[in-house]
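Scroll down for the structure; my scribbles are underneath it.
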Amino acid sequence: MILIAWAMPLAVAAAPFAAFVMDARTGQEIYARNADTRLHPASLTKMMTLYLAFSAIERGQVRLDSKFLVSSHAAAQPPSRLGLKAGQRIELRYLIRAAAVKSANDAATVIGEGLAGSEAKFAAQMTQMARALGMRNTKFRNANGLTTEGHYSTARDMTILGRRLFYDFPQYYSIFSRRSADTGIATVSSTNRRFLDSYEGADGIKTGYTRAAGFNLTASAKRGSKRIVATVLGGTSTAQRNAMMAQLLDAGFGKAPSRVREVRPAPPVFVAERKVRRTVQVASTVPGTASRASTVRLSSSDRPVARASTVAVVTPAAISAAVARAQAAAAPERRGTTLAASARPSPKPGTGTVTNASVDPEVLARAARPEARPEEGDAADRSVSEIGSARPTPAPRDDRSASLAAPPAPADPGSPSLFAQTARPQPESMALLAAPAPAPRSDAIILTSLAPEPGSEPETTEIVTREASAGGGDWGVTLGLFRSQREAEQLLLRTALQESASLGSALSRVANTKRGFEANFVGMSKETADLACDRIAARQQDCRVIGP
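End of the sequence shown sits at 547 in numbering that gives the first Met the number 0; the numbers just go up one at a time, nothing left out.
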């Protein structure tokens with residue numbers, strides 16, 4: 000039994016340690032260590048679940064008293080859980096309390112399914128929101144943070160999310176500082192109450208733990224005019240994680256300026272990619288074969304017929320036809336009516352040859368002059384002698400009525416569109432004029448699943464769950480032996496804060512030896528180890544380079 004208890008911290012320590020500290024007022028980085036390494040976030044995931052729940056409430060999609068149905072999938076989630084039963088209905092306010100305070104996995108899953116219809120769709124919305132908030136190395140697969148392939152985040156991204164919860168939803172932020180909450184079923188205690196009680200100024204935010212992730216915490220604290228947000232991933236225990244967070248926050252308060260201009264985060268920016276596909280019409284060029292076109296019809300008008308280069312022959316029948324058209328077109332205008340969408344006029348006179356017709360020679364001679372021939376589309380309410388005068392004003396293109404008279408009374412909203420009842424069939428070229436006005440654009444944020452295009456390459460992701468030589472080298476430095484693991488860890492953290500530039504991406508590691516706990520930085524090249532050890536020694540701290 001003693002051996003098992005001694006070995007448990009070593010198994011948990013398999014997850015790499017990562018940390019990030021930010022000045023919440025400006026979003027500026029204060030300290031980073033493995034901050035962009037993709038790790039398992041565990042229940043820190045629920046911060047995004049709650050962010051989307053708060054967004055849905057503010058948009059009016061749901062209310063705090065909206066009742067969500069518990070599915071069998073949600074009820075079967077492993078602990079930590081609220082104890083929901085399949086088929087049960089529970090108000091959203093209780094689900095939020097359970098997810099934020101107790102970190103209940105079943106409550107978080109019910110929130111996701113209730114908002115999006117399924118947990119998979121909700122996870123896609125979570126990932127899209129993460130991108131909109133600037134979280135570049137995060138992907139979600141579920142709403143509660145249980146270990147799943149392809150579900151990852153970073154210390155930097157979780158800190159960004161913690162800051163956004165504070166600034167974007169101050170009306171709900173106090174839920175993260177509660178030591179207990181009524182969930183409608185039972186009163187639950189906060190998983191973060193130890194840190195909230197022990198650290199001065201702490202007012203949130205969220206804890207997380209799984210075997211693969213280790214002990215995680217995103218925390219926020221305020222002292223005077225300063226507010227610091229920080230994240231720790233890969234802690235070895237609750238006590239060790241809280242101690243590391245306290246040191247990180249202390250360092251943040253020490254380095255952050257007392258006076259600074261507050262820079263609130265901008266609203267989420269959703270990037271929508273619009274793809275336009277064009278298909279070129281290809282015709283067969285094989286001699287003796289019919290021309291075959293490819294698949295797409297372009298939504299454009301036909302190519303206009305080229306004007307004849309020779310002078311058309313004016314015949315008596317053509318002149319008679321022109322007079323008839325002019326008299327027919329003049330009749331509606333004399334009655335005070337103008338057609339909004341008249342049919343396309345007949346082809347220009349003279350394009351064909353008609354015989355066996357008689358006409359007055361004087362009229363024929365006058366019409367034969369080029370300036371006397373009517374142009375296509377001219378109004379025809381004048382005599383033959385006036386053909387060729389200036390074009391009239393085009394009829395107004397109004398999709399509400401077919402005349403210039405006073406518009407009819409508004410149609411019943413429940414009836415078909417007014418245009419569908421009164422307008423005459425129009426040629427294809429007028430289709431756009433007859434289209435109804437587009438619906439006003441909504442200000443609401445609509446989250447949709449970003450399903451990949453067919454044939455697209457899947458995103459390659461790597462989730463780090465074991466320590467590796469970050470710098471690609473086998474060298475390191477040791478700071479000496481200590482009586483306790485905590486003492487060694489505190490020295491490593493303090494040194495990392497002071498010498499982050501020279502240590503680079505080296506990993507901190509406490510080796511449990513027979514002589515004591517050895518504080519080491521590993522995963523360095525020999526040159527980096529020599530430089531780091533020289534700088535550490537200049538601070539009157541024992542340091543020795545260790546090699547392979």
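Glycine included, C-beta positions come from ideal geometry on N, C-alpha and C.
Q. With a cut-off of 8 Å, do at least 3 Cβ pairs link the stretch 153 to 166 to the stretch 63 to 79?
A. no
Q. Which first and last residues belong to the beta strand (DSSP E) in which Val206 is found?
A. The sequence shown places Thr at residue 206, rather than the Val named in the question. Element bounds for Thr206: Ala201 to Thr209.
Q.
Can you tell me whether Phe53 is helix, strand or coil according to DSSP?
A. helix
Q. Do the CB positions of Thr182 and Ala122 come within less than 7 Å of each other?
A. no
Q) Looking at the structure shown, is Lys138 part of a helix, part of a strand, or coil, going by DSSP? A) strand
**Q.** Boundaries of the alpha helix (DSSP H) in which Ala75 is found, first to last residue
**A.** Per DSSP, Ala75 belongs to no alpha helix (DSSP H) and is neither H nor E.
(Q) My parser needs the alpha helix (DSSP H) runs of 4 or more residues fully inside the stretch 202 to 267; what are they? (A) 237 to 254
(Q) Less than 7 Å between C-beta atoms, sequence neighbours within five positions excluded: which residues of the same chain meet that for Ala23? (A) Arg162, Phe165, Ser219, Arg226, Ile227 and Val228
Q: Measure the C-alpha to C-alpha separation of Leu490 and Gly133 and round it to an integer number of angstroms.
A: 33 Å
Q. Under the three-state reduction of DSSP, which class applies to Ser483: helix, strand or coil?
A. coil
Q) What does a CB cutoff of less than 7 Å around Phe53 pick up in its chain, not counting 5 residues either side in sequence? A) Phe168 and Tyr171
Q. For Ala536, does the count of other Cβ atoms within 10 angstroms reach 16, so buried, or fall short, so exposed?
A. Exposed: under 16 other Cβ atoms inside 10 Å.
Q) When we look at the beta-carbon of Arg58 and count the other beta-carbons within 10 Å, is it buried (16 or more) or exposed? A) When all chains shown are included, Arg58 counts as exposed.
(Q) Excluding the 5 residues flanking Ala74 on each side, which residues of the same chain have their C-beta closer than 7 Å to its C-beta? (A) Once the five neighbours on either side are set aside, the close Cβ partners of Ala74 are Leu83, Lys84, Ala85 and Asp105.
(Q) Please tell me whether Ala201 and Asn143 are closer than 7 Å, where the distance is taken between their beta carbons. (A) It is not a contact, given that the beta carbons lie outside the stated cut-off.
Q. Buried or exposed: where does Arg538 fall if 16 or more other Cβ atoms within 10 Å of its Cβ makes it buried?
A. exposed
**Q.** Secondary structure of Ile89, DSSP reduced to three states
**A.** Note: Ile89 maps to strand in three-state DSSP.
Q) In the structure shown, what three-state DSSP assignment does Ala18 receive? A) strand
Q: Measure the C-alpha to C-alpha separation of Thr230 and Met125 and round it to an integer number of angstroms.
A: 19 Å
**Q.** Through-space distance from Ser179 to Thr186, alpha-carbon basis
**A.** Distance between the alpha carbons of Thr186 and Ser179 is about 7 Å.
Q) Within 10 angstroms of its Cβ, does Lys513 collect 16 or more other Cβ (buried), or is it exposed? A) The Cβ neighbour count for Lys513, taken over all protein chains shown within 10 Å, is under 16; the residue is labelled exposed.
Q: Give the DSSP bridge partners of Arg178, in chain order.
A: Paired residue(s): none; Arg178 is not in a bridge.
Q.
Using CA atoms only, rank isn't needed, just tell me which of Ile95, Leu216, Arg240 and Arg258 is closest to Ser224.
A. Arg258
Q: Please report the residue range of the beta strand (DSSP E) in which Glu517 lies.
A: Gly515 to Met523
(Q) Using C-beta distances below 7 Å, list every residue in its chain close to Phe252, excluding the 5 sequence neighbours before and after it, in chain order. (A) Arg222, Lys225 and Ile227
Q. Is it true that the CB of Gly233 sits closer than 7 Å to the CB of Gly207?
A. no
Q. What do you get for Val262, buried or exposed, if any count of 16 or more other CB atoms within 10 angstroms of its CB means buried?
A. exposed
Q.
Looking at the strands, I want to know which residues DSSP matches up with Asn511.
A. Beta-bridge partners of Asn511 (DSSP): Phe516.
Q: For Val67, name the three-state secondary structure that DSSP assigns.
A: A quick correction: the sequence has Phe, not Val, at residue 67. DSSP places Phe67 in strand when its eight states are reduced to three.
Q | Three CB pairs or more closer than 8 Å across the stretch 236 to 250 and the stretch 187 to 201 | A | yes
Q | Member of Ser79, Arg62, Ser117 and Gln76 whose CA lies at the smallest distance from the CA of Glu90 | A | Out of Ser79, Arg62, Ser117 and Gln76, Arg62 has the C-alpha closest to the C-alpha of Glu90.
(Q) To the nearest angstrom, how far is the alpha carbon of Phe516 from that of Arg543? (A) Pairing Phe516 with Arg543, the inter-Cα distance amounts to about 15 Å.
**Q.** Residues of its chain near Val509, where Cβ-Cβ distance is below 8 Å and the 5 sequence neighbours each way are ignored
**A.** Excluding sequence positions up to five before and after Val509, its CB lies within less than 8 Å of the CB of Gln484, Ala487, Glu488, Leu491, Phe516, Glu517, Ala518 and Asn519, all in the same chain and listed in chain order.
(Q) Looking at Arg192: is its Cβ nearer than 7 Å to the Cβ of Asp35? (A) no
Q.
Just verifying my parser: in three-state terms, what is the DSSP assignment at Ser42?
A. helix
Q: Kindly list the residues whose CB is nearer than 6 Å to the CB of Val109, restricted to its own chain and excluding five residues on each side of it in sequence; keep chain order.
A: Phe67, Val69, Ala73 and Leu94
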